[in-house]
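**Q**
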Amino acid sequence: MTPGSPTVFLLWAVLASLFLCFLLVHLWSYDRFKCLKWNSGRQPGAFNRLMTYTYILTVPLLLAFSANMSWLKFREGFVLMPSGQAAPKPVYAWSDYSKDRLLPLLFVLSIAWAFELVTHLEELTFWLFLLHQGPRKRDWFHSWEFRAWTAGSTAAIVGLPMTTLAARRDLDLCAAWIFLVGSVAGTVTTVWFLYVIGKFPAFIAQVKAGGAEPSVVVRLFRFYQLHMCRVVLRFFFTVPLIVLAADALAMGNHPVNRDPFWADLLLLVSGIGCFSSSALTLLIFFPRSFTQESGYVVKVSSPPSCKRRAEGRGLGSGRAARPPPAYPHYRHDHHPSTPKSVVYVHSADSPDVRMAAFEFPYPASIPYPASEFPTTFPYQAPAPSYSGSSASCSSERRPSSSCTSSSGSGVLPLEEHDARGEVADVQGEVPDVLGEVPSAIHRGDARWGDADIRRGDMERKGNGQRECTERLAWRSFPGDIGEDVPSPAAQRAQAPVPSAGEETPAQMHPYVSWTFWSSI
């Protein structure tokens, strides 16, 4: 019998029409229908053209069958069953006009189904050929997979039309035999695809390890995902038809075929699975590359070798590390120097006091901004005394500063403060208490108090100046100095009040202010 209502076959016709439109759009976007030419492709031949044409012809054949079957079903109408339900008129009750047109439609269905089996059997055997390729390269046309496809395709192309021809005497059961043979063959092919899906991840890993291009690996992974979805849809296509065919050929009351709900539901699920799986097959047979269609070319960048990475870090043989680029200076000290500075003497003949463990944050390639560097120090500290001799030093910042000693030793050079951080000399005049430091350090028995300087946050003001708040924690220890050193806060309290327009030490550049106070 031919189960199903006219609405179900109308749905088949709609799905076939949509799939045909999708096929045309996809092939046009793929290569403007060039794949349909006989000599198209990298390896043109009869095999490729046979596979292309059998797959393309399946869609219009299914559309012709479903549309005409829907029209015939609507033309014959429904009958009232003894139970009071309305059901589609059985085939034996059809008019001669409809019966004459039913047999050609069944031949169309058998041919379309045979082409569909050829397509899916070729896909199965070809993936088996790739999975069993191994290190020894084989030829597809001389492999056992190709011979299996040849035998199966011949059986499908010959078997389904012959089944229709053999069952033509009983049109009521002819469709049931076609459904049974075609769905069983499709189910066997789908079950074999489960083996392909199980081996596919290892195959992708092998191709990736062999150094294949990323586009090839990505395409294989996409095929793997499409195959999994397609296998599920193939089961949706074949299993319901097996149920309908078995119920129609079985002896009895045919509960499935005589129930309008179950007959329509099974045919509806089968149609959705058929056309959906065929659409996924189209995406596998004619895969589009959206990257290439958009005009992009994927370039593979090899990872740097160990030798190249070592040379980049300056570890290569005979190659030094490149200096860091001269980034623009930002007035925030990311690497502050240690707040504890040790006072030491350069030499006995030149007792100028220097500061250790201090350097300016400016790199050597960037000059110090002259607009922010003060030229005079407003703070005037007492003149130092060195072992009975007196020295007077100018507090002005000039290119060649000097100190004059009254003991006849001549001029004592006071080195200029280098703006690049190479020399960090004490600016201005040093307190009197530092005069006793050299002898104490030379003797090695003095313990000098240290100043823990913790710099506060520097905030930019509206006029572009900076304010540096320094908190000094001063601790002095007894030693040979003789007396405690006054704290900087006490010395600042004794300092003269600056005149109008004169900068205070807190308004100076933060790093110059730090040097100034650390020299006390």
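Position 428 of the sequence shown, counted from 1, bears residue number 428 in UniProt numbering, the numbering being contiguous throughout.
Ideal Cβ placement from N, Cα and C applies to all residues, glycine included.
What is the DSSP secondary structure of A250, reduced to helix, strand or coil?
**A** coil
**Q** Are the beta-carbon atoms belonging to I284 and F223 less than 9 Å from one another?
**A** yes
**Q** Which residue from T150, L128, A155 puts its Cα closest to that of K199?
**A** L128
**Q** Going by C-alpha distance, which of A67, L80, G252 is nearest T7?
**A** A67
**Q** When DSSP builds the beta bridges, which residues end up paired with V79?
**A** A87
**Q** When you measure from the CB of L226 to every non-hydrogen atom of the ligand FAD, does any distance come out below 8 Å?
**A** In the structure shown, the ligand FAD is absent, as is every other ligand, since no ligand is present at all.
**Q** Determine the direct distance from the alpha carbon of T52 to that of P214, and round the result to whole angstroms.
**A** 27 Å
**Q** Check whether the stretch 271-284 touches the stretch 14-27, counting contact only when three or more Cβ pairs, one atom from each stretch, lie closer than 8 Å.
**A** yes
**Q** Does the stretch 111-129 come close enough to the stretch 141-155 to have 3 or more Cβ pairs within less than 8 Å?
**A** Yes, the stretch 111-129 is in contact with the stretch 141-155.
**Q** Put R258 into one of helix, strand or coil per three-state DSSP.
**A** helix
**Q** Buried or exposed for S29, going by 16 or more other Cβ atoms inside 10 Å?
**A** S29 comes out exposed.
**Q** W177 and L241: beta carbons closer than 9 Å?
**A** no
**Q** Assign Y511 to one of three DSSP states: helix, strand, or coil.
**A** Summary for Y511: the model assigns pLDDT 41, below 50, so the residue's position carries little reliability; its value from the coordinates is reported in the next sentence. Annotated three-state conformation of Y511 is helix, per DSSP.
**Q** Could you check the C-alpha separation between W12 and A202 for me, to the nearest Å?
**A** Computed Cα separation, rounded: 38 Å.
**Q** What did DSSP end up calling W94 once you bin it into helix, strand or coil?
**A** coil
**Q** With respect to the alpha helix (DSSP H) encompassing G198, which residues constitute its N-terminal and C-terminal limits?
**A** 171-209
**Q** Could you tell me the alpha carbon to alpha carbon distance between T164 and S98, rounded to whole angstroms?
**A** 17 Å
**Q** Which one of L102, D96, R138, L160 has the shortest CA to CA distance from A64?
**A** When each option's Cα is compared against that of A64, the closest is L102.
**Q** Taking E116 as the reference, give the member of C35, L62, P88, L267 with the closest Cα.
**A** L62
**Q** If you reduce the DSSP assignment to three classes, tell me which class Y296 lands in.
**A** coil
**Q** Throw me the rounded Cβ distance for the P3 and L244 pair, which I believe falls under 8 Å.
**A** 6 Å
**Q** I need the straight-line Cα distance from residue 538 to D247, nearest angstrom please.
**A** Shown here, the chain extends from 1 to 520; a query on residue 538 therefore has no answer.
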